[in-house]
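Reading through the structure tokens given below for one structure.
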DNA sequence: GCGGCCTTTTGATCCATGTCAAGACTCGTG
DNA sequence: CACGAGTCTTGACATGGATCAAAAGGCCGC
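Residue numbers (this note's numbering), protein chains in the order written: chain A, 1481 to 1727; chain B, 1481 to 1727.
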């Protein structure tokens, strides 16, 4: 199916570059593209865009133009209630693909805000659909990405529906830890990019509860926290806390 | 793109039949298929399968073979914790497509159990992917279905994360009501297919709470309940209760 | 039609988390 | 360097929903 075996080292380097520089390894690396396909993908994803801390990547209600792959940085997505409350739907980091929920209605249903200076790759959705039509493995991979998002959401539902505050926060920290590890950063030491309030919103808890539970974890020696800095001392203990509920 | 204009009345009848009899109007109706495509879809979806009340459609851990479109009946999907607790992830009725979360890992991650005698259409996933490759509008539609599932999940997350018991139950009843209406049934009078415990699991509440809130709604004249029978007297009041949080 | 099991209702009490409030810390800016 | 806004911590108290318990009602097989 693929002409992968005919790739020269230069092609491979180019491919690797196209993927890693644009954080679409998520999207194209496992797809097994040939040279021509590569050129197409190259064209598609070579539209970088910086988003400064506090700026919106997109807002609820706007038309879906592109999906966005995070090249670097940190973004939260959130739905806004009419009464001003906001519910954080997810935190996204390097390599994550944003905007999937907009495909359904053709317009975004949540806001995406950068929590630190961020660079994304702009992936025009129409172009992606067209390309995926021509490159079956790309389509197949895209299906899996969508499905993975559904699985992730089910995990959050489980967390919100059946875990207590301590369990939720432990699960959250472990999840962050693991995602940093996957990206080559320390799994035990990192800076939170979000406020206690945002964590609380995501976990269905109030900011005071987040603060209290973090303090308790620290007292018990499981972690060290100071403001946004966080160090995990005893990941196993956290895992035991989460106990029977893995997402 | 499509040869739709060349369809004879007979073809159209056949198409309508293929769709309505198998509850894949969800999947194929909006796709604008031509005759040959129709034949292919026909082949794909003409595998019906009955599932008796209490039986599993699939179990967590089993390999993904097919997606399932519900032709009639009622199915719950649930993830099982190691400790035996279960978390209901969704209730599904006629026309719904099940199994999307399995695409990610190639195996099912939750159980699907029939809450009443049910008939589903078996849609081999490999075949669906192949067909979608040949019929762009089918692929496009499938993307939207996946996205819609993500949107639905976000709605549940919002409900679990930021609504109180009364609001959750009101939202749940309105959602059921609306889905029955869409399918041509009464929006105000229907039988619940699930136990209080299952509702509670879905909404992140205990069965006693469900029972109590239902009783309270009844006292206030919003609904009438007797066992599984439910009648909505004042949908507007329920909507006001849910207030600012629409999913 | 009876007996047993599952589901539902309702009451009493408890507890985890929310709410309210005060003060401390942090960081960016004038 | 001081100020002020935003963020975080901690305490006291309130409360929604969980838990425990008992009894009633419905359903199914015999």
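Even for Gly, the Cβ is constructed at its ideal location relative to N, Cα and C.
Span separating the alpha-carbon of residue i from that of residue j
| i | j | result |
| --- | --- | --- |
| residue 1501/A | residue 1676/B | Caution is warranted here: a pLDDT of 46 is assigned to residue 1501/A, below 50, making its placement in the model unreliable, and no coordinate value can be reported. |
| residue 1521/A | residue 1603/B | 31 Å |
| residue 1630/B | residue 1531/A | 25 Å |
| residue 1653/B | residue 1666/A | 46 Å |
| residue 1715/B | residue 1616/B | 40 Å |
| residue 1680/B | residue 1553/B | 21 Å |
| residue 1496/B | residue 1644/A | The pLDDT assigned to residue 1496/B is 49, lower than 50, so where the model puts this residue is not dependable, and the model offers no usable value. |
| residue 1608/A | residue 1545/A | 11 Å |
| residue 1662/B | residue 1570/B | 18 Å |
| residue 1588/A | residue 1527/A | 20 Å |
| residue 1704/B | residue 1657/B | 14 Å |
| residue 1628/A | residue 1580/B | 9 Å |
| residue 1674/A | residue 1708/A | 8 Å |
| residue 1660/A | residue 1664/B | 49 Å |
| residue 1551/A | residue 1612/B | 30 Å |
| residue 1614/B | residue 1640/A | 40 Å |
| residue 1690/A | residue 1702/A | 15 Å |
| residue 1710/B | residue 1668/B | 8 Å |
| residue 1561/B | residue 1636/B | 19 Å |
| residue 1688/A | residue 1574/B | 44 Å |
| residue 1620/B | residue 1626/B | 10 Å |
| residue 1706/B | residue 1533/B | 21 Å |
| residue 1578/A | residue 1699/B | 45 Å |
| residue 1686/A | residue 1696/A | 16 Å |
| residue 1503/B | residue 1624/B | For residue 1503/B, the predicted structure reports a pLDDT of 43, less than 50, and the residue's modelled location is therefore unreliable. A value from the coordinates is still provided. Taking the straight line joining both Cα atoms gives about 17 Å. |
| residue 1547/A | residue 1618/B | 20 Å |
| residue 1655/B | residue 1519/A | 46 Å |
| residue 1692/A | residue 1590/A | 29 Å |
One or two residues paired with residue i in a DSSP bridge
| i | result |
| --- | --- |
| residue 1570/A | 1557/A |
| residue 1703/B | 1712/B |
| residue 1669/B | 1711/B |
| residue 1601/A | 1528/A and 1549/A |
| residue 1543/B | 1587/B |
| residue 1578/B | 1548/B |
| residue 1536/A | 1593/A |
Candidates the options, of which the one nearest residue i by Cα
| i | options | result |
| --- | --- | --- |
| residue 1598/B | 1587/B, 1572/B and 1715/B | 1572/B |
| residue 1535/B | 1651/B, 1593/B, 1551/B and 1556/B | 1593/B |
| residue 1808/B | 1578/A, 1673/A, 1655/A and 1622/A | This structure does not reach residue 1808/B, given that chain B is present from 1481 up to 1727, and the question cannot be answered. |
| residue 1670/A | 1686/A, 1574/A and 1712/A | 1712/A |
| residue 1586/A | 1605/A, 1596/A, 1568/A and 1557/A | 1605/A |
| residue 1632/B | 1702/B, 1696/B and 1576/B | 1576/B |
| residue 1638/A | 1721/B, 1655/B, 1566/B and 1704/B | 1566/B |
| residue 1723/A | 1647/A, 1699/A and 1694/A | 1647/A |
| residue 1678/B | 1529/B, 1655/B and 1595/B | 1595/B |
| residue 1684/A | 1649/A, 1627/A and 1528/A | 1649/A |
| residue 1540/B | 1690/B, 1668/B and 1559/B | 1559/B |
| residue 1447/A | 1519/A, 1719/A, 1600/A and 1700/A | The structure shown does not extend to residue 1447/A, since chain A is modelled only from 1481 through 1727, so no value can be given for it. |
| residue 1556/B | 1529/B, 1672/B and 1619/B | 1672/B |
| residue 1719/A | 1690/A, 1651/A, 1551/A and 1697/A | 1651/A |
| residue 1682/A | 1624/B, 1634/B and 1611/B | 1634/B |
| residue 1529/B | 1549/B, 1686/B and 1543/B | 1549/B |
| residue 1542/A | 1578/A, 1582/A, 1533/A and 1519/A | 1582/A |
| residue 1568/B | 1642/A, 1698/A, 1692/A and 1706/A | 1642/A |
Residues in the stretch 1626–1643 of chain A having any Cβ partner in chain B nearer than 8 Å:
1626, 1627, 1628, 1629, 1630, 1631, 1633, 1634, 1636, 1637, 1638, 1640, 1641 and 1642
What are the residues of the stretch 1697–1710 of chain B that lie near chain A, defined by any Cβ-Cβ distance shorter than 8 Å?
none
Closer than 8 Å between beta carbons: that is the criterion. Which residues of the stretch 1564–1581 of chain A meet it against chain B?
Of all residues in the stretch 1564–1581 of chain A, the ones placed with a Cβ closer than 8 Å to any Cβ belonging to chain B are 1565, 1567, 1569, 1580 and 1581, in chain order.
Of the residues that make up the stretch 1586–1605 of chain B, which ones have a beta carbon closer than 8 Å to any beta carbon in chain A?
Cβ contacts with chain A: 1589 and 1590.
Anything in the stretch 1665–1699 of chain B with a Cβ closer than 8 Å to a Cβ of chain A? List those residues in chain order, please.
1681, 1682, 1683 and 1684
Short-range partners of chain A found in the stretch 1609–1627 of chain B, where Cβ spacing is below 9 Å
1609, 1610, 1612, 1613, 1616, 1619, 1620, 1622, 1623, 1624, 1625, 1626 and 1627
Where in the stretch 1607–1652 of chain B do unbroken runs of the alpha helix (DSSP H), each at least 4 residues long, occur, reported from the N-terminal end onward?
The qualifying runs are 1616–1642.
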